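Asker: Going from the sequence shown to the numbering used here is simple: count from 1 and add 64.
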Amino acid sequence: MPAPNHVENPLEYIFERFSWAATDIRRAVLAPPRLHTAAPPRVRRIALGDLWASLREGLHDLGVARSDVIFIALIYPIAGLVIGRLAFNLNMLPLVLPLLSGFALLGPLAAVGLYEVSRRLEAGQEAHWSTPFEVRKSPALSSILGMGAILGLIFLAWLAAAWGIYAATLGPQPPASLASFLRDVFTTGPGWAMIVIGMGVGFLFAAFTFAISAISFPLLLDRDVSVGEAIRTSMRAVATNPVTMAVWGFIIAAALIAGSIPALAGLIFVMPLFGHASWHLYRRLVDGG
């Protein structure tokens, strides 16, 4: 007689995805198909003025290549709404906010197509609506996917941490309803403990992700480097320019929050702008990039 189907709880679901992501990373990162012979990139010091200049250049690219909205500006907020709705359907209310906020961790991967648009415009080439999809022909595709798998693993780790924080404060049982969950969150000691701890842990995840991915994807797309070298270069860029890069991270976080308030609609403008601007910031950060 067949055994009854086992229904996974959220933590089991997340750990299952951990194993999948770890396999992808092992295949794409530990055994990359390309032989990387380029010298390690050199990182420059930049000033706050470089941030504003990158934003201006990103805005210019956004105006020239408005068709990239089809690629990222609509897909990103729609995917966020779908994830949020899925969490409601799966009775995973405690993970709705971590899902939506953590989805930003995947932003650098989602913006790869925008980097390609800015790269071509900078080289004086034409960019069309299909240009973002040309990344699939890049020699660096396996490395880009490997870096994406690392961000995916971090995203899953954040969800696991968020569920663990809920289980230790208001859980471990799922809330009975949305109203009772919101009441417990904002009117009880454990609820406020969950908020404070969650914000602290979330900040650490965001800071780490920013450090390893600030310029990793543009670098992989532009030069013949390994995933490990791209991560090390991104971390050197942040360490060399701690104040400037902290301001850049704050600007991105503030823009994402502002763009997410009206049902994620603001991301239609925010995501393409910062995708293009990040390419130009990479050019300023990496010598000979």
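Think of the CB as a built atom: it goes at the ideal place given N, C-alpha and C, for glycine as much as any other residue.
Note that the coordinates shown come from a computational prediction; the quantities given were computed from them, not determined experimentally.
If I measure Cβ to Cβ from residue 157 and keep anything under 8 Å in the same chain, skipping five residues before and after, which residues do I get?
Answerer: Stepping through the sequence shown from its first residue, residue 157 is reached at position 93. Contacts found: 151, 238, 239, 242 and 245.
Asker: Under 8 Å Cβ to Cβ from residue 169, same chain only, skipping five residues before and after it: list those, please.
Answerer: As a first step, residue 169 must be located in the sequence shown, where it is residue number 105. Correct list, in chain order: 215, 218, 219, 222, 269, 270 and 273.
Asker: Can you find at least 3 beta carbon pairs, one from the stretch 312 to 327 and one from the stretch 225 to 239, that sit closer than 8 Å?
Answerer: The answer is no - the stretch 225 to 239 does not touch the stretch 312 to 327, with fewer than three Cβ pairs under 8 Å.
Asker: How about the stretch 252 to 266 and the stretch 300 to 309: do they share at least three Cβ pairs that are nearer than 8 Å?
Answerer: Touching, no.
Asker: From the DSSP output, in three-state form, read off residue 288 for me.
Answerer: For this step, residue 288 is matched to residue 224 along the sequence shown. Residue 288 falls in the coil class under three-state DSSP.
Asker: With distances taken between CB atoms, is the gap from residue 175 to residue 339 smaller than 7 Å?
Answerer: Within the sequence shown, the letter at position 111 stands for residue 175. Within the sequence shown, the letter at position 275 stands for residue 339. Yes, Cβ-Cβ distance for residue 175 and residue 339 is below 7 Å.
Asker: Report buried or exposed for residue 351, applying the criterion of at least 16 other Cβ atoms within 10 angstroms of its Cβ.
Answerer: For the purposes of this step, residue 351 is taken as the residue at position 287 of the sequence shown. Flag for residue 351 reads exposed.
Asker: Which residues mark the beginning and the end of the alpha helix (DSSP H) in which residue 188 is found?
Answerer: Here residue 188 refers to the residue found at position 124 when the sequence shown is read from its first residue. No alpha helix (DSSP H) contains residue 188, which DSSP labels as neither H nor E.
Asker: Confirm, please, whether the CB-CB distance from residue 285 to residue 297 is below 7 Å.
Answerer: By one-based count along the sequence shown, residue 297 stands at place 233. By one-based count along the sequence shown, residue 285 stands at place 221. No, the pair does not count as a contact, with Cβ atoms beyond the cut-off.
Asker: Would you mind stating whether residue 180 and residue 199 have Cβ atoms separated by less than 7 Å?
Answerer: Translated into the one-based positions of the sequence shown, residue 180 becomes position 116. Translated into the one-based positions of the sequence shown, residue 199 becomes position 135. Yes, the pair counts as a contact, with Cβ atoms nearer than the cut-off.
Asker: Count the other CB atoms within 10 Å of the CB of residue 113; is the residue buried (16 or more) or exposed (fewer)?
Answerer: Sequence index remark: in the sequence shown, residue 113 carries index 49 (1-based). Counting Cβ neighbours within 10 Å, residue 113 comes out exposed, since fewer than 16 surround it.
Asker: By Cβ distance below 7 Å, which residues in the same chain neighbour residue 264 in space, the five residues on each side in sequence not counted?
Answerer: Numbered from 1 along the sequence shown, position 200 holds the residue referred to as residue 264. Nothing listed; no residue qualifies.
Asker: Checking 7 Å against the spacing of the C-beta atoms, do residue 295 and residue 280 come in under that value?
Answerer: Position 231 of the sequence shown, counted from the first residue, corresponds to residue 295. Position 216 of the sequence shown, counted from the first residue, corresponds to residue 280. It is a contact, given that the beta carbons lie within the stated cut-off.
Asker: Starting from residue 127, trace the alpha helix (DSSP H) in both directions and tell me its first and last residue.
Answerer: Counting from 1 along the sequence shown, the entry for residue 127 is found at position 63. Its alpha helix (DSSP H) spans residues 112 to 128.
Asker: Would you identify the three-state DSSP class for residue 106, choosing helix, strand or coil?
Answerer: Numbered from its first residue, the sequence shown carries residue 106 at position 42. Strand.
Asker: In whole angstroms, what is the alpha-carbon distance linking residue 185 and residue 204?
Answerer: As a first step, residue 185 must be located in the sequence shown, where it is residue number 121. As a first step, residue 204 must be located in the sequence shown, where it is residue number 140. Computed Cα separation, rounded: 19 Å.
Asker: Leaving aside the five residues before and after residue 109 along the sequence, list all residues of the same chain whose C-beta is less than 7 Å from its C-beta, in chain order.
Answerer: For the purposes of this step, residue 109 is taken as the residue at position 45 of the sequence shown. Excluding sequence neighbours, residue 109 sits near 304 and 305.
Asker: Quick check: what's the CA-CA separation for residue 249 versus residue 236?
Answerer: Locating residue 249 in the sequence shown gives position 185, where the first residue counts as 1. Locating residue 236 in the sequence shown gives position 172, where the first residue counts as 1. Straight-line Cα distance between these residues: approximately 14 Å.
Asker: Please specify which runs of the alpha helix (DSSP H), each continuous and at least 4 residues long, are wholly inside the stretch 236 to 287, giving them in chain order.
Answerer: If we require 4 residues or more, the alpha helix (DSSP H) runs fully inside the stretch 236 to 287 come out as 242 to 251, 253 to 277 and 280 to 286.
Asker: Can you tell which of 278, 166 and 188 has the C-alpha that lies nearest to the C-alpha of residue 226?
Answerer: Counting from 1 along the sequence shown, the entry for residue 226 is found at position 162. The option with the nearest alpha carbon to residue 226 is 166.
Asker: Please state if the CB of residue 341 and the CB of residue 202 are separated by a distance shorter than 7 Å.
Answerer: The residue given as residue 202 occupies position 138 in the sequence shown. The residue given as residue 341 occupies position 277 in the sequence shown. No, the pair does not count as a contact, with Cβ atoms beyond the cut-off.
Asker: Measure the C-alpha to C-alpha separation of residue 347 and residue 277 and round it to an integer number of angstroms.
Answerer: Here residue 347 refers to the residue found at position 283 when the sequence shown is read from its first residue. Here residue 277 refers to the residue found at position 213 when the sequence shown is read from its first residue. Using only the alpha carbons, I get a separation of about 15 Å.
Asker: Among 290, 299, 120 and 104, which has the Cα closest to the Cα of residue 209?
Answerer: The residue labelled residue 209 in the question sits at position 145 within the sequence shown. Ranking 290, 299, 120 and 104 by Cα distance to residue 209 puts 290 first.
Asker: By the 10 Å Cβ neighbour count, where 16 or more other Cβ atoms means buried, how is residue 111 classified, buried or exposed?
Answerer: As a first step, residue 111 is located in the sequence shown; it is residue number 47 there, counting from the start. Burial call: exposed.
Asker: For chain B, find out if any of its Cβ atoms is closer than 7 Å to the Cβ of residue 220; answer yes or no.
Answerer: Here chain B cannot be found, since the structure has a single protein chain.
Asker: Sort 120, 116, 164 and 125 by Cα distance to residue 321 and report the nearest one.
Answerer: Here residue 321 is taken as the residue at index 257 of the sequence shown, counted from 1. Cα-wise, what sits closest to residue 321 is 164.
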